[in-house]
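One structure is given below, encoded as structure tokens.
Number of protein chains: 2
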Amino acid sequence: MTEQSSVPAEEPVTTVAFVLYPGLTPLDMVGPLQVFGALSELVPGYRTVVVGERIEPMDSDVPVQLVPSHTFEDMPDPYALIVPGGFRPTLAAMADEGLLQRLREAAARSQVVGSVCTGSLLLGAAGLLEGREATSHWMYRDLLARFGATPVTRRWVEDGPVITAAGVSAGIDMALHLVDRLAGHEAARTVQLVLEYDPEPPLGPVDWTPVDAGAFVSFAQENLRTALTGHPGLLARLTA
Amino acid sequence: MTEQSSVPAEEPVTTVAFVLYPGLTPLDMVGPLQVFGALSELVPGYRTVVVGERIEPMDSDVPVQLVPSHTFEDMPDPYALIVPGGFRPTLAAMADEGLLQRLREAAARSQVVGSVCTGSLLLGAAGLLEGREATSHWMYRDLLARFGATPVTRRWVEDGPVITAAGVSAGIDMALHLVDRLAGHEAARTVQLVLEYDPEPPLGPVDWTPVDAGAFVSFAQENLRTALTGHPGLLARLTA
């Protein structure tokens with residue numbers, strides 16, 4: 001064929017991929033997804049995908065189901081792969097070798113691997129946090145040490161190609177930081193304005209007193225025992 | 241039947257219902273949904289439902305579809321009905337008389353009617369904001385006057401049984417305020433802690449300079465004209 005194709009040359013596209021799995025906390029995913037969604041509306045060359053085992057409705061921890069846009073097989077190689085967290089189903093997923101293998105393979109195709117909330121426990125269980133500083137939901141942050149990571153108490157933590165955010169809503173802050181790094185201050189400020197992310201928690205910042213007092217330690221342990229009841233080896237590794 | 245039933249007497253349940261419709265911005269809904277979801281885990285007597293025209297996947301403004309838990313017909317009478325917003329599909333929905341009628345009927349079954357972001361435009365188009373103070377996403381807030389409301393620049397605005405939040409992420413603050421009012425400070429603080437809602441926007445608060453400079457006025461008008469192209473009467477009412 002000597003005729004010139006009328007198909008335009010493909011522009012390089014920066015893809016940010018979010019992993020969807022049953023039982024997750026939707027806000028972990030939807031917060032940063034809207035941040036990158038706004039970026040892709042504002043600046044050419046960005047796109048988001050939501051990737052799951054199958055393109056079908058998945059339960060979450062609230063009464064809404066979510067449907068991914070891509071399977072792992074048909075997902076374009078992402079710039080960043082973000083793994084959201086959740087409560088008991090995410091704790092149980094630490095023992096889901098099929099999901100962990102998906103995460104390892106997808107991470108190998110990504111330049112940046114990120115997590116929100118207890119999503120970092122899945123990265124840890126997949127062996128992707130060894131030797132890294134990382135964070136998680138405050139209730140399970142210390143557990144990261146069992147996966148060879150160094151737990152850090154910050155809103156988000158970057159260590160080489162790994163970026164992890166604290167609990168649930170922290171994914172919004174982490175995503176704005178990534179947008180700032182990728183596309184600059186002006187783009188990040190405009191995304192923030194579009195999402196009107198100018199927080200006013202009615203009772204002020206989080207009161208960390210009950211956490212510092214250890215009020216949730218036995219609750220956290222009990223959840224681990226419930227979630228990993230069929231996996232005594234992993235449970236022992238995490239609670240011994 | 242003289243035997244006593246073994247079914248326990250039904251406890252009164254406070255239901256918070258979120259309206260799902262095609263094209264919405266998921267964060268508008270998922271933010272407050274997780275707030276009330278956490279409340280329902282922590283305090284007995286609360287439940288959340290997500291209500292839509294049909295229980296089937298609906299597109300959103302990011303590449304994830306959402307599936308409601310209830311139809312309008314099978315939804316329990318809610319304490320609060322919350323209408324999320326969105327961008328062009330929500331602007332277009334101001335002309336969707338079927339949806340507006342659903343909202344009027346559902347509002348009549350609710351004690352509190354709320355919105356997030358441009359969801360207040362749908363409340364306005366349904367005639368539910370007449371004579372009320374209200375807010376919306378900053379880009380469309382002034383439009384509320386066309387529906388007989390008084391636009392107010394605040395994170396959230398309460399006027400009688402109507403509560404409206406500013407853009408997208410403001411729904412989280414509004415929901416925490418409602419939890420505080422319904423269940424008290426301690427419950428609201430615990431919900432905030434569970435969601436680790438301790439925001440740290442990496443570039444600080446929103447920079448309102450471009451908004452104050454009117455940089456988005458013509459963009460907002462153009463979006464209205466695109467969204468309401470087949471509805472010249474409504475378009476004239478909103479742009480004249």
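The listed protein sequences correspond, in order, to chains A and B.
For the first sequence, our numbering assigns the number 1 to the initial residue and increments by one for each residue that follows.
For the second sequence, our numbering assigns the number 241 to the initial residue and increments by one for each residue that follows.
The C-beta atom is built at its ideal place from N, Cα and C for all residues, glycine as well.
Keep in mind the model is a prediction, meaning the values are calculated, not measured.
#1: Look at the alpha carbon of Ser-409 of chain B and the alpha carbon of Ala-320 of chain B, and state the distance between them as a whole number of angstroms.
#2: Considering only their Cβ atoms, is the gap separating Thr-311 of chain B from Leu-264 of chain B smaller than 8 angstroms?
#3: Where Asp-438 of chain B and Arg-372 of chain B are concerned, what is the direct C-alpha to C-alpha distance, given to the nearest angstrom?
#4: Rounded to a whole number of angstroms, what is the C-alpha to C-alpha distance between Arg-104 of chain A and Cys-117 of chain A?
#5: Answer yes or no: does any C-beta atom of chain A fall closer than 8 angstroms to that of Gln-461 of chain B?
#6: Would Arg-270 of chain B and Pro-26 of chain A be called neighbours here (beta carbons separated by less than 8 angstroms)?
#7: Can you say whether Arg-349 of chain B is buried or exposed, counting buried as having 16 or more other CB atoms within 10 angstroms of its CB?
#8: Pop quiz: Ala-175 of chain A and Val-35 of chain A are said to be a contact at Cβ under 8 angstroms. What is the actual Cβ separation, rounded to whole angstroms?
#9: Beta-carbon separation of Leu-234 of chain A and Met-139 of chain A under 8 angstroms?
#10: Return no unless some Cβ of chain B is closer than 8 angstroms to the Cβ of Thr-14 of chain A.
#11: Which residue comes first and which comes last in the beta strand (DSSP E) that contains Thr-254 of chain B?
#12: According to a CB-to-CB cut-off of less than 7 angstroms, which residues of the segment 372 to 402 of chain B neighbour chain A?
#13: Residues of chain B with a CB under 9 angstroms from the CB of Gly-31 of chain A: which are they?
#14: Closest to Val-302 of chain B by C-alpha separation, out of A:Ser-60, A:Val-67, A:Val-62, would be which residue?
#15: Which of the three DSSP states is assigned to Ile-55 of chain A in this structure?
#16: With 8 angstroms as the threshold, decide whether the Cβ of Thr-311 of chain B is near any Cβ in chain A.
#17: Say whether chain A places a C-beta atom closer than 8 angstroms to the C-beta of His-425 of chain B.
#18: So Val-177 of chain A contacts chain B; which residues on that side make the cut at Cβ distance below 7 angstroms?
#19: Tell me the DSSP secondary structure of Thr-288 of chain B in three-state form.
#20: Do Gln-65 of chain A and Asp-74 of chain A count as a contact pair if the criterion is CB distance below 8 angstroms?
#21: Give, in chain order, every residue of the segment 106 to 122 of chain A whose Cβ lies closer than 8 angstroms to some Cβ of chain B.
#22: Taking 8 angstroms as the CB-CB cut-off, is Val-43 of chain A touching chain B?
#23: Taking the beta carbon of Thr-255 of chain B as the centre, do at least 16 other beta carbons fall within 10 Å, making it buried, or is it exposed?
#24: Would you kindly report the start and end of the unbroken beta strand (DSSP E) that includes Ser-360 of chain B?
#25: What's the gap between the Cα of Val-83 of chain A and the Cα of Leu-128 of chain A?
#26: Taking 8 angstroms as the CB-CB limit, is Ser-245 of chain B close to chain A?
#27: List the residues of chain B that Thr-164 of chain A touches, going by C-beta distances under 9 angstroms, in chain order.
#28: Count the other CB atoms within 10 Å of the CB of Glu-436 of chain B; is the residue buried (16 or more) or exposed (fewer)?
#29: Using the beta-carbon of each residue, which ones in chain A are nearer than 7 angstroms to Arg-429 of chain B?
#30: Could you confirm whether any beta carbon from chain B is found closer than 8 angstroms to the beta carbon of Asp-198 of chain A?
#31: Step through the CB atoms of chain A and report whether any lies within less than 8 angstroms of the CB of Val-457 of chain B.
#32: Just by C-beta distance, which residues in the segment 324 to 344 of chain B are closer than 7 angstroms to chain A?
#33: With a 10 Å radius around its C-beta and 16 neighbouring C-beta atoms as the bar for buried, classify Asp-382 of chain B as buried or exposed.
#34: Just to confirm the assignment: which complete alpha helix (DSSP H) runs, minimum length 4, are found wholly within the segment 66 to 99 of chain A?
#35: Determine the chain B residues that contact Pro-63 of chain A at a beta-carbon separation under 7 angstroms, and present them in chain order.
Let me spell this out:
#1: 19 angstroms
#2: no
#3: 31 angstroms
#4: 18 angstroms
#5: no
#6: First, the residue type needs correcting, since residue 270 of chain B is Val and not Arg in the sequence shown. In contact: Val-270 of chain B and Pro-26 of chain A (Cβ atoms closer than 8 angstroms).
#7: Exposed, by the Cβ-count rule.
#8: 4 angstroms
#9: no
#10: no
#11: 254 to 259 is the span of the beta strand (DSSP E), which, as asked, contains Thr-254 of chain B.
#12: Those residues of the segment 372 to 402 of chain B that come within reach of chain A (Cβ to Cβ, closer than 7 angstroms) are His-377, Trp-378, Arg-395.
#13: Leu-267, Val-270, Gly-271, Ser-409
#14: A:Val-67
#15: coil
#16: no
#17: yes
#18: Per the sequence shown, the amino acid found at residue 177 of chain A is His instead of Val. Under the 7 angstroms cutoff, chain B gives Pro-442.
#19: strand
#20: no
#21: Cys-117
#22: no
#23: Buried, because 16 or more other Cβ atoms sit within 10 Å of the Cβ of Thr-255 of chain B.
#24: Here Ser-360 of chain B belongs to no beta strand (DSSP E); instead the alpha helix (DSSP H) covers 359 to 365.
#25: 12 angstroms
#26: Note that Ser-245 of chain B has pLDDT 49, beneath the 50 cutoff, so the model's placement of it is unreliable and no number is given.
#27: Here the premise fails: no neighbours, minimum Cβ distance about 13 angstroms.
#28: buried
#29: Residues of chain A with a Cβ closer than 7 angstroms to the Cβ of Arg-429 of chain B are, in chain order, Leu-203, Asp-207.
#30: Taking Cβ atoms only, chain B reaches closer than 8 angstroms to Asp-198 of chain A, which makes this a yes.
#31: Taking Cβ atoms only, chain A never reaches closer than 8 angstroms to Val-457 of chain B, which makes this a no.
#32: Those would be none; no residue qualifies.
#33: exposed
#34: As far as the segment 66 to 99 of chain A is concerned, its whole alpha helix (DSSP H) runs of at least 4 residues are 88 to 93.
#35: Thr-288, Val-289, Val-290, Ser-309
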